[in-house]
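Numbering (my numbering), first residue to last: 375 to 901.
Cβ atoms here follow ideal geometry from the backbone N, Cα and C, with glycine treated the same way.
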Ligand code: NAP
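Next up, the structure:
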């Protein structure tokens with residue numbers, strides 16, 4: 375008999391064990407089994423109908439302000455259980471405390487932000503989109519666009535790297551909009567998501583059916599979607615392709631948001647010199663991005679674009695700082711970077727480095743670094759690796775393959791136009807960061823690169839201590855990116871509510887539109 379605990383799913387308003395095959399989650403450092411998950415045998419149709427009908431109706435009966443208060447109550451529940459989340463993250467995600475915080479506290483912060491934002495929408499039950507517009511000569515007949523919460527469920531299929539933040543950054547705007555949530559976390563790290571949902575359900579702070587969790591296989595989930603449901607996916611481009619081509623999306627117009635992989639860049643101003651403030655800020659940020667969560671961040675810097683004459687200096691400065699990073703068991707004193715999420719992920723990163731090395735030179739070799747309290751053969755710990763290319767315009771793979779770990783490639787450019795062109799070779803990314811002391815360069819580069827990035831993050835000496843980090847996703851700023859980044863949009867303050875609302879034009883007399891505009895409506899969203 376298998377003694378590893380089986381985590382129950384919460385669906386149709388009750389806790390349910392899956393039957394049949396269960397996947398085992400492991401400690402990526404020690405290799406020990408932790409818990410098992412299974413969605414086999416669940417009545418998904420019943421669960422989706424329950425969420426849609428019971429959860430949706432209960433949420434829609436509330437105003438935005440009341441739902442914002444629910445988010446505030448969820449924040450309190452999660453804060454009360456933070457220690458348990460850190461423990462799970464150390465054991466299942468292999469992260470050191472600071473990296474667990476990015477996920478756990480980042481998720482709670484995002485929820486809290488939407489609780490505050492939602493308050494400002496007060497008693498409203500739908501949103502006005504823009505001003506009234508006259509339809510013709512008659513000034514009394516006008517059109518008013520409104521946004522109404524969709525009467526379906528929001529299915530979230532999430533990636534392994536953010537089991538907490540990945541849930542709450544999506545659930546906060548969905549619940550605030552009045553749309554019930556069914557979360558399917560990535561199997562490798564499903565424990566933390568399941569535990570957080572369990573705490574919220576046990577606390578009874580949300581209406582029954584507002585939040586459900588299905589752990590284990592995704593089989594059959596997409597088949598449940600109906601035209602007014604929405605699906606939000608975060609994960610690899612390959613799985614994203616399956617989601618996009620599913621009949622629910624392709625034929626029934628189920629609204630779909632995709633956050634996929636991305637070859638994000640960091641660009642150093644051509645006017646920078648060795649040791650200048652911009653140079654120093656770039657080096658610091660690159661090292662941070664390569665090592666936070668062992669580089670398992672969709673926003674992490676993968677390509678570092680520097681002037682050719684600074685290539686060697688940048689290689690040396692980054693390598694020197696990478697050499698200081700202690701890697702190993704996250705429980706051990708002094709360890710700054712923990713493990714990758716699984717042995718499978720480690721092998722995938724090793725394979726990816728080998729692929730990039732067909733084009734790149736090796737500037738800092740992580741495989742030579744000794745691990746702290748972790749067996750290099752059996753743990754998923756892996757030190758950072760810096761690659762380089764002096765003529766990256768000639769490279770292909772370096773602009774195409776995302777290695778989802780502590781790996782980045784330094785690239786040289788000769789002039790500004792070439793730098794912009796290299797960055798565009800990523801075919802659409804989540805974020806680019808700029809390092810410069812010149813506001814004019816920042817403005818020029820931002821306007822040049824904004825169309826192919828969801829976010830442009832400029833780091834100059836005046837914001838060196840206040841800037842929020844290249845890879846940190848803040849709820850008030852847009853997250854997502856065009857092209858290979860998936861084409862999705864999340865967060866961005868109240869803009870996020872747009873995905874969970876339907877826009878409709880109401881054409882009527884001024885008297886009717888007066889009734890429509892007050893008191894049930896609120897302005898405030900520009901989706
Ligand atoms: P993945 O393998 O694509 O898995 C993502 C999710 O899809 C998991 O929950 C997975 O479940 C599920 N899934 C797998 N096959 C499916 C199918 N046929 N139908 C429906 N769902 C299916 O991605 P991952 O390895 O977890 O995540 C790493 C990738 O995510 C990286 O490429 C990274 O860049 C990207 N990412 C992007 C963002 C962003 O915001 N843009 C954020 C984080 C990560 P199982 O785990 O059970 O297989």
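Consult DSSP for residue i and reduce its assignment to one of helix, strand or coil.
| i | result |
| --- | --- |
| residue 668 | helix |
| residue 379 | coil |
| residue 737 | strand |
| residue 562 | helix |
| residue 755 | strand |
| residue 441 | helix |
| residue 402 | coil |
| residue 417 | coil |
| residue 603 | coil |
| residue 841 | coil |
| residue 660 | helix |
| residue 826 | helix |
| residue 517 | strand |
| residue 783 | strand |
| residue 386 | coil |
Is the beta carbon of residue i less than 8 Å from the beta carbon of residue j?
| i | j | result |
| --- | --- | --- |
| residue 402 | residue 741 | no |
| residue 853 | residue 868 | no |
| residue 802 | residue 856 | yes |
| residue 781 | residue 844 | no |
| residue 634 | residue 609 | yes |
| residue 541 | residue 481 | yes |
| residue 387 | residue 632 | no |
| residue 595 | residue 572 | no |
| residue 905 | residue 421 | Residue 905 lies beyond the stretch modelled for the chain, which goes from 375 to 901, so this question has no answer here. |
| residue 696 | residue 838 | no |
| residue 509 | residue 881 | yes |
| residue 807 | residue 514 | no |
| residue 702 | residue 745 | yes |
Go ahead and label residue i buried or exposed: buried means 16 or more other beta carbons lie within 10 angstroms of its beta carbon, across all protein chains shown.
| i | result |
| --- | --- |
| residue 821 | exposed |
| residue 450 | exposed |
| residue 543 | buried |
| residue 659 | buried |
| residue 473 | buried |
| residue 381 | buried |
| residue 791 | exposed |
| residue 675 | buried |
| residue 878 | exposed |
| residue 643 | buried |
| residue 641 | buried |
| residue 458 | exposed |
| residue 768 | exposed |
| residue 574 | buried |
| residue 376 | exposed |
| residue 889 | exposed |
Leaving out five residues before and five after residue i in sequence, what residues of the same chain have Cβ atoms less than 6 Å from its Cβ?
| i | result |
| --- | --- |
| residue 710 | 699 and 700 |
| residue 720 | 714, 754 and 756 |
| residue 389 | 382 |
| residue 907 | Outside the shown range of the chain, which is 375 to 901, sits residue 907, and nothing can be said about it. |
| residue 613 | none |
| residue 815 | 643 |
| residue 682 | 786 and 788 |
Kindly list the residues whose CB is nearer than 8 Å to the CB of residue i, restricted to its own chain and excluding five residues on each side of it in sequence; keep chain order.
| i | result |
| --- | --- |
| residue 430 | 525, 526, 527, 552, 553, 554 and 583 |
| residue 784 | 678, 680, 685, 688, 689, 692, 737, 760, 761, 762 and 763 |
| residue 730 | 761, 771, 772, 775, 777, 781 and 783 |
| residue 650 | 811 |
| residue 789 | 644 |
| residue 399 | 407, 408, 409, 410, 411, 466, 561, 562, 563, 564 and 565 |
Suppose the cutoff is 7 Å on Cβ atoms and the five residues either side in sequence are ignored; what does the same chain contact list for residue i look like?
| i | result |
| --- | --- |
| residue 602 | 524, 525 and 526 |
| residue 425 | 527, 554, 556, 583 and 586 |
| residue 900 | Summary for residue 900: the model assigns pLDDT 48, below 50, so the residue's position carries little reliability; its value from the coordinates is reported in the next sentence. Result list for residue 900: 869, in chain order. |
| residue 628 | 599, 601, 603, 604, 605 and 622 |
| residue 486 | 449 |
| residue 859 | 634, 636, 802, 803, 804 and 828 |
| residue 464 | 474, 704 and 705 |
Check whether the Cβ of residue i lies closer than 7 Å to any heavy atom of the ligand ZN, and answer yes or no.
| i | result |
| --- | --- |
| residue 859 | Although the ligand ZN was asked about, the structure shown includes only the ligand NAP as ligands. |
Are there three or more Cβ pairs, one per stretch, closer than 8 Å when the stretch 528-541 is compared with the stretch 667-677? yes
Taking 8 Å as the cut-off, does the stretch 434-453 touch the stretch 487-497 (at least 3 CB pairs, one atom from each stretch)? Under the Cβ criterion (8 Å, minimum of three pairs), the stretch 487-497 counts as touching the stretch 434-453.
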